[in-house]
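Going down the list, the sequences are from chains A and B.
So the first sequence is numbered by this note's numbering: it starts at 1 and just counts up by one.
So the second sequence is numbered by this note's numbering: it starts at 1 and just counts up by one.
Cβ coordinates follow ideal geometry from the N, Cα and C atoms, glycine included.
I have placed the structure first, in the form of structure tokens, so that the comments after it can refer back to it.
Protein chains: 2
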Amino acid sequence: MDTRVHDILRRNQLSVTASREKILNLFLTNTRALAHADIEHKAGERFDRVTVYRTLQTFVEKGILHTIPTADNSVRYALCKNDCFEGHHHDNHYHFICSACGKTECLEEFVIPSVKVPKEYLANNVEIVVNGVCAACRKK
Amino acid sequence: MDTRVHDILRRNQLSVTASREKILNLFLTNTRALAHADIEHKAGERFDRVTVYRTLQTFVEKGILHTIPTADNSVRYALCKNDCFEGHHHDNHYHFICSACGKTECLEEFVIPSVKVPKEYLANNVEIVVNGVCAACRKK
DNA sequence: TATATTTTGCAACACAGTTGCATGTAAATA
DNA sequence: TATTTACATGCAACTGTGTTGCAAAATATA
Ligand SMILES: [Mn+2]
Ligand SMILES: [Mn+2]
Ligand SMILES: [Zn+2]
Ligand SMILES: [Zn+2]
């Protein structure tokens with residue numbers, strides 16, 4: 001169990017429970033984003049489906065996780081950087097999904113390009129998802 | 001009923017049925033993208049849920065409609081331009097969703113900006129959805 | 001019009017996600 | 001540490017969305 005797990009939960013005024021520890025640990029020990037099903041399989045078996053849903057919901061509300069929109073309309077979750085907090089996400093980055101292995105990554109190192117909108121329109125937020133093949137899969 | 005309805009169906013080797021006419025007409029007489037629920041309400045009442053699903057599926061396969069990914073994971077459909085055909089979509093544009101009225105538009109007039117990916121990665125396809133407020137809603 | 005081919009509606013199902021409520025567990029307090 | 005209080009969990013039941021098989025109906029074709 002990653003040592004940060006306990007701290008992150010306390011910092012967010014969450015009581016430390018087995019399911020929260022287990023699920024948060026999954027994200028701290030994996031670089032890739034996880035779908036609900038991944039979590040239910042890896043952490044699950046031991047926890048009720050509803051508990052997994054509620055835990056993920058809580059983590060998103062607290063700014064511990066953020067969701068990633070995908071073209072196939074399945075929700076994935078990834079760790080937020082430290083500057084997200086309750087009700088205020090600042091996840092100014094876009095995402096990459098490998099079509100071969102399904103790996104989903106936050107690309108935090110690149111700047112979101114500016115995107116045009118029609119005259120008189122106001123753009124608040126730009127969601128970008130890049131589909132492609134990751135380095136590991138290209139070598140195969 | 002829009003005069004193009006019949007032609008579009010025949011051009012795509014689809015038999016002309018009441019549900020296909022009605023649903024296709026909805027898209028030709030609306031500029032905005034429609035969700036399944038919109039269609040079921042506007043065209044529905046008269047058609048079975050399953051028929052609406054199958055009709056939309058067929059239209060997407062034929063290249064008459066394309067789907068739009070949204071952050072809230074609900075599928076929306078919009079008319080393709082003429083250069084899409086069976087199994088080959090060429091919808092190189094991004095989308096705008098108004099957070100006030102829900103209007104969803106294809107922004108065909110702008111170029112998709114180039115987006116960086118990590119070294120050794122291959123980018124195949126970039127999905128962009130801009131959330132904001134449309135001109136009509138800003139004036140209110 | 002008669003026939004072959006598609007499409008439709010219905011029922012039944014699968015799956016994701018939500019809600020209410022009683023019980024169990026963690027945190028706060030004494 | 002023992003007690004109290006607040007919160008998290010599991011279960012059952014439910015809703016919404018999308019799919020499938022099949023018989024009946026509608027369409028296209030000759
Ligand atoms: Mn991210
Ligand atoms: Mn479009
Ligand atoms: Zn990969
Ligand atoms: Zn609007």
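Under 7 Å from the C-beta of residue i: neighbouring residues of chain B
{"i": "residue 134 of chain A", "result": "121"}
Burial state of residue i, where buried means 16 or more other Cβ atoms lie within 10 Å
{"i": "residue 41 of chain B", "result": "exposed"}
{"i": "residue 150 of chain A", "result": "Lying before the first or after the last residue shown, residue 150 of chain A is absent from chain A, which here runs from 1 to 140."}
{"i": "residue 87 of chain A", "result": "exposed"}
{"i": "residue 118 of chain B", "result": "exposed"}
{"i": "residue 139 of chain B", "result": "exposed"}
{"i": "residue 37 of chain B", "result": "exposed"}
{"i": "residue 95 of chain B", "result": "buried"}
{"i": "residue 20 of chain B", "result": "buried"}
{"i": "residue 54 of chain A", "result": "exposed"}
{"i": "residue 133 of chain B", "result": "buried"}
{"i": "residue 72 of chain B", "result": "exposed"}
{"i": "residue 104 of chain B", "result": "buried"}
{"i": "residue 76 of chain A", "result": "buried"}
{"i": "residue 108 of chain A", "result": "exposed"}
{"i": "residue 126 of chain A", "result": "buried"}
{"i": "residue 17 of chain A", "result": "exposed"}
Contacts of residue i in chain A (Cβ-Cβ under 7 Å)
{"i": "residue 130 of chain B", "result": "115, 117, 123, 126"}
Contacts that residue i makes with chain B (C-beta to C-beta distance below 8 Å)
{"i": "residue 75 of chain A", "result": "73"}
CB contact below 7 Å: residue i versus chain B
{"i": "residue 96 of chain A", "result": "yes"}
{"i": "residue 110 of chain A", "result": "yes"}
Contact list for residue i against chain A, beta-carbon separation under 8 Å
{"i": "residue 138 of chain B", "result": "120, 121, 122"}
{"i": "residue 99 of chain B", "result": "124"}
Contacts that residue i makes with chain B (C-beta to C-beta distance below 9 Å)
{"i": "residue 70 of chain A", "result": "69, 73, 127"}
7 Å Cβ cutoff met for residue i and residue j
{"i": "residue 63 of chain A", "j": "residue 84 of chain A", "result": "yes"}
{"i": "residue 66 of chain B", "j": "residue 80 of chain B", "result": "yes"}
{"i": "residue 26 of chain B", "j": "residue 43 of chain B", "result": "yes"}
{"i": "residue 48 of chain B", "j": "residue 28 of chain B", "result": "no"}
{"i": "residue 78 of chain B", "j": "residue 98 of chain B", "result": "no"}
{"i": "residue 39 of chain A", "j": "residue 52 of chain A", "result": "yes"}
Do three or more CB pairs link the region 3-13 of chain B to the region 101-115 of chain A at distances below 8 Å? no
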